[in-house]
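Written below as structure tokens is the structure these notes are about.
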Amino acid sequence: LPLQDVYKIGGIGTVPVGRVETGVLKPGMVVVFAPANITTEVKSVEMHHEALSEALPGDNVGFNVKNVSVKELRRGYVAGDSKNSPPRGAQDF
Numbered sequence: 001l002p003l004q005d006v007y008k009i010g011g012i013g014t015v016p017v018g019r020v021e022t023g024v025l026k027p028g029m030v031v032v033f034a035p036a037n038i039t040t041e042v043k044s045v046e047m048h049h050e051a052l053s054e055a056l057p058g059d060n061v062g063f064n065v066k067n068v069s070v071k072e073l074r075r076g077y078v079a080g081d082s083k084n085s086p087p088r089g090a091q092d093f
């Protein structure tokens, strides 16, 4: 999931936003943000202000993450499942 933007929402916390490209995104999943190599847990997933139990490819979603500040994440970072081929920077092309 490439990040389109990152927001700080009062009472909720840090909310990265982007479109799910492959796989699924669920609350409780542990995700890694590349290239910063930040690992965190997804607290909730929302699409158009409605909570989702699972986000599928093509869904534009916002998801709340634990213990990560807005300053640590940036547009263009990629979030992925930490247990299933997590994203990471390439050595070279």
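The sequence shown begins at 1 in the UniProt record's numbering and counts up by one.
Beta carbons are placed, not taken as given, at the ideal position from N, Cα and C, and that holds for glycine.
Here the structure is a predicted model, which is why all the values come from computation and not from measurement.
Item, Value
"Cross-strand partners of valine 45 (DSSP beta bridge)", "Leu52, Phe63"
"Close Cβ partners of glycine 76 (< 8 Å) along its chain, the five nearest in sequence each way excluded", "Pro2, Leu3"
"Cβ-based neighbour list, arginine 19, same chain, cut-off 6 Å, excluding 5 preceding and 5 following", "Asn60"
"Beta-carbon contacts of glutamate 41 that lie in its chain and below 6 Å, excluding the five residues immediately before and after", "Val30, Lys66"
"Spatial neighbours of arginine 88 in its chain, beta-carbon cut-off 6 Å, leaving aside the 5 residues before and after", "Ala34"
"Candidates His48, Val45, Val70: closest to aspartate 5 by CA position", "Val70"
"Sequence-distant residues of its chain with Cβ nearer than 7 Å to isoleucine 12 (five each side left out)", "Asn64"
"Selection from Gly58, Gly62, Thr39, Ala36 that minimises the alpha carbon distance to valine 45", "Gly62"
"Nearest neighbour of valine 32, chosen from Ala51, Glu21, Leu56, Asn84 [CA to CA]", "Asn84"
"Backbone CA spacing between threonine 39 and serine 82 [nearest angstrom]", "8 Å"
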